[in-house]
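Participant:
Protein chains in written order, with our numbering: chain A, 1 to 402; chain B, 1 to 85.
Shown next, in the form of structure tokens:
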């Protein structure tokens with residue numbers, strides 16, 4: 001049996017149910033991790049040093065939770081995108097940081113088709129994004145199959161943005177039921193320019209990256225420079241498969257992207273992506289799902305490479321998990337694996353399952369499909385395990401709360 | 001009429017048998033949604049199709065159409081088939 005270095009474990013205190021319902025009395029800010037899994041959601045509250053974590057959960061046990069997101073505009077509202085294997089999709093909202101939950105009145109749903117036409121059905125909401133800081137209560141939701149919805153009432157009701165629903169070009173670029181991920185085609189990476197509430201980006205797997213200057217009323221593809229699978233025509237938007245796109249909070253003219261075909265950077269006003277993943281080590285490659293940006297330094301970003309050779313195992317290359325960081329906009333990359341298992345660890349990290357907090361130094365967090373939650377307090381230099389034996393982790397978000 | 005409710009929907013109804021009325025399954029589901037807001041969308045999609053794994057039985061017979069007519073004394077059971085792990 002191959003030896004595997006035992007990973008360092010950070011103590012995770014499992015609070016009793018009664019204690020979990022007791023509001024935290026400290027007014028100091030701390031990081032809370034919002035962990036969405038195939039079988040429920042968990043919250044992990046960190047101490048001030050981010051060394052120990054207390055567990056709250058499961059919530060929605062048995063429900064598939066695709067995304068669990070805090071509203072940074074009020075610091076206590078959570079939205080959860082849920083579905084069970086058999087009931088239709090829904091959203092739940094908490095106004096007290098997860099202590100109590102209520103189903104929203106009208107979750108995202110496509111318009112009823114005209115007589116004789118085949119209508120679309122939302123299988124699940126995949127991505128949730130709070131709108132601009134100046135628009136309290138406004139949210140965006142990306143769905144599977146691809147749809148983009150907006151709520152003006154803090155998630156209680158949702159309307160589809162007609163530019164995507166009704167534009168035949170966009171419907172063609174979305175592809176059909178046989179396209180997209182094994183879990184269905186998805187609209188994701190809904191990004192809001194912090195300087196302008198009307199300036200949005202979004203991405204579709206498949207279906208490319210797109211920009212709107214009018215709050216989603218109209219969209220323009222931005223795919224120049226992006227590669228597609230060999231033999232296909234890169235001018236066909238339908239062939240583009242962005243996995244995760246992020247906008248830099250400190251420099252909103254800069255975007256990073258982990259694509260099915262590499263890692264890219266875009267500096268607006270240019271509309272041409274640059275493949276910075278070519279600078280990754282050849283033996284690792286630049287395939288992966290998540291993309292993480294630094295809250296204050298637009299030259300720093302992180303990825304978590306997956307094996308994209310032969311049949312695309314999409315596991316850590318050679319069974320050796322590692323994040324990679326760039327500190328110069330993608331010119332060079334640094335391997336960050338200290339603390340991770342050194343071998344025989346065949347991790348998969350999904351596109352929503354790696355994130356950063358806003359502390360200094362930045363904390364990084366990732367969840368694996370094998371149910372492990374890991375973090376670094378020092379921007380990736382050293383990693384430690386927070387939790388094991390969770391269900392398949394779909395999404396991890398980090399937020400500062402009081 | 002009496003309507004049997006499967007366990008995944010008890011969070012809406014609070015009990016496994018409820019009273020509801022309607023001249024068709026469509027109307028019955030609408031009444032259920034009035035009493036238990038949100039239940040309908042978990043069972044019927046936005047194109048008015050019964051979702052996969054959800055089934056209606058009227059007087060012990062499976063019914064696949066929401067336009068199926070109902071009589072006041074009918075017994076309706078909403079059933080969820082379970083699959084996967």
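Cβ atoms here follow ideal geometry from the backbone N, Cα and C, with glycine treated the same way.
Compute the Euclidean distance between the alpha carbons of residue 113 of chain A and residue 134 of chain A, then round it to the nearest angstrom.
Facilitator: One C-alpha to the other measures close to 35 Å.
Participant: Since residue 356 of chain A and residue 393 of chain A should fall inside the 8 Å C-beta cutoff, what is the C-beta to C-beta distance between them, to a whole number of angstroms?
Facilitator: That belief does not hold up - the Cβ atoms of residue 356 of chain A and residue 393 of chain A are roughly 16 Å apart, past 8 Å.
Participant: Under 9 Å Cβ-Cβ, which residues of chain A neighbour residue 82 of chain B?
Facilitator: 85, 86, listed in chain order.
Participant: Rounding to the nearest angstrom, what Cα-Cα distance links residue 274 of chain A and residue 257 of chain A in this structure?
Facilitator: Cα to Cα, residue 274 of chain A sits roughly 10 Å from residue 257 of chain A.
Participant: To which residues of the same chain is residue 100 of chain A closer than 7 Å at the C-beta, ignoring the five residues directly before and after it?
Facilitator: 94.
Participant: Suppose you measure from the CA of residue 326 of chain A to the CA of residue 47 of chain A; what does that come to, to the nearest Å?
Facilitator: C-alpha separation (whole angstroms): 28 Å.
Participant: Return the residue from the list B/24, B/9, B/68 that minimises the CA-CA distance to residue 37 of chain B.
Facilitator: Checking every option, the nearest Cα to that of residue 37 of chain B belongs to B/9.
Participant: By the criterion of Cβ-Cβ separation under 7 Å, what are the contact partners of residue 110 of chain A in chain B?
Facilitator: In chain order: 46.
Participant: What first and last residue would you give for the alpha helix (DSSP H) that runs through residue 174 of chain A?
Facilitator: Taken as a continuous stretch (DSSP letters only), the alpha helix (DSSP H) holding residue 174 of chain A covers 168–174.
Participant: Hey, residue 189 of chain A and residue 244 of chain A: beta-carbon distance below 7 Å or not?
Facilitator: Yes, the Cβ-Cβ distance between residue 189 of chain A and residue 244 of chain A is below 7 Å.
Participant: Are residue 391 of chain A and residue 371 of chain A touching if we call contact CB-CB under 7 Å?
Facilitator: Taking 7 Å as the Cβ cut-off, residue 391 of chain A and residue 371 of chain A qualify as a contacting pair.
Participant: Rounded to a whole number of angstroms, what is the C-alpha to C-alpha distance between residue 201 of chain A and residue 270 of chain A?
Facilitator: Going from the Cα of residue 201 of chain A to the Cα of residue 270 of chain A covers about 15 Å.
Participant: Please name the residue or residues paired with residue 262 of chain A in a DSSP beta bridge.
Facilitator: DSSP output for residue 262 of chain A lists A/259 as bridge partner(s).
Participant: Can you tell me whether DSSP reads residue 326 of chain A as helix, strand or coil?
Facilitator: Residue state, collapsed to three classes: strand.
Participant: Might you give, ordered along the chain, the residues of its own chain that have their beta carbon closer than 8 Å to the beta carbon of residue 198 of chain A, omitting 5 neighbours on each side?
Facilitator: Cβ neighbours of residue 198 of chain A beyond the five flanking positions: 212, 213, 214, 215.
Participant: Measure the CB-CB distance between residue 242 of chain A and residue 259 of chain A and report whether it falls below 7 Å.
Facilitator: Yes, Cβ-Cβ distance for residue 242 of chain A and residue 259 of chain A is below 7 Å.
Participant: Under 7 Å, Cβ to Cβ, is there at least one residue of chain A near residue 56 of chain B?
Facilitator: No - not a single Cβ of chain A is within 7 Å of the one on residue 56 of chain B.
Participant: Using 8 Å as the threshold, is the segment 34–49 of chain B in touch with the segment 112–129 of chain A, meaning 3 or more CB pairs across them?
Facilitator: Enough Cβ pairs lie closer than 8 Å, so yes.
Participant: Scan the segment 32–116 of chain A and note each continuous beta strand (DSSP E) run of 3 residues or more that stays entirely inside, going in chain order.
Facilitator: The qualifying runs are 40–46, 53–59, 64–70, 78–83, 90–94.
Participant: Under the three-state reduction of DSSP, which class applies to residue 150 of chain A: helix, strand or coil?
Facilitator: Strand.
Participant: Taking buried to mean at least 16 other C-beta atoms within 10 Å of its own C-beta, is residue 195 of chain A buried or exposed?
Facilitator: Its Cβ having fewer than 16 others within 10 Å, residue 195 of chain A is exposed.
Participant: Where does residue 350 of chain A land, buried or exposed, given buried means 16+ other C-beta within 10 angstroms?
Facilitator: Result: buried.
Participant: Can you check which of these residues, A/83, A/123, A/169, A/323, is closest to residue 306 of chain A by C-alpha distance?
Facilitator: Comparing Cα positions, the closest option is A/323.
Participant: Please name the residue, chosen from A/284, A/229, A/246, that lies closest to residue 291 of chain A on a Cα-to-Cα basis.
Facilitator: Among A/284, A/229, A/246, the Cα nearest to that of residue 291 of chain A is on A/246.
Participant: Ordered along the chain, which non-local residues of its own chain (more than five positions away) have a Cβ less than 8 Å from that of residue 2 of chain B?
Facilitator: Excluding residues within five positions, the ones whose Cβ falls inside 8 Å are 17, 18, 19, 75, 76.
Participant: Note down the Cα distance separating residue 179 of chain A from residue 185 of chain A, rounded to an integer number of angstroms.
Facilitator: The alpha-carbon atoms of residue 179 of chain A and residue 185 of chain A are separated by roughly 6 Å.
Participant: Where residue 332 of chain A and residue 312 of chain A are concerned, what is the direct C-alpha to C-alpha distance, given to the nearest angstrom?
Facilitator: Each residue's alpha carbon lies about 25 Å from the other.
Participant: Beta carbons nearer than 9 Å to chain B: which residues of the segment 137–159 of chain A have them?
Facilitator: Cβ contacts with chain B: none found.
Participant: Please work out which residues of its chain come closer than 6 Å, Cβ to Cβ, to residue 77 of chain A, disregarding the five sequence neighbours upstream and downstream, and give them in chain order.
Facilitator: So the list reads 71, 95, once near-sequence residues are dropped.
Participant: Run down chain A in chain order and give the residues with a C-beta less than 9 Å from the C-beta of residue 53 of chain B.
Facilitator: Simply 85, 86, 87.
Participant: What did DSSP end up calling residue 393 of chain A once you bin it into helix, strand or coil?
Facilitator: Residue 393 of chain A falls in the strand class under three-state DSSP.
Participant: Out of A/55, A/132, A/51, which has the shortest C-alpha to C-alpha gap to residue 388 of chain A?
Facilitator: Nearest of A/55, A/132, A/51 to residue 388 of chain A, Cα basis: A/55.
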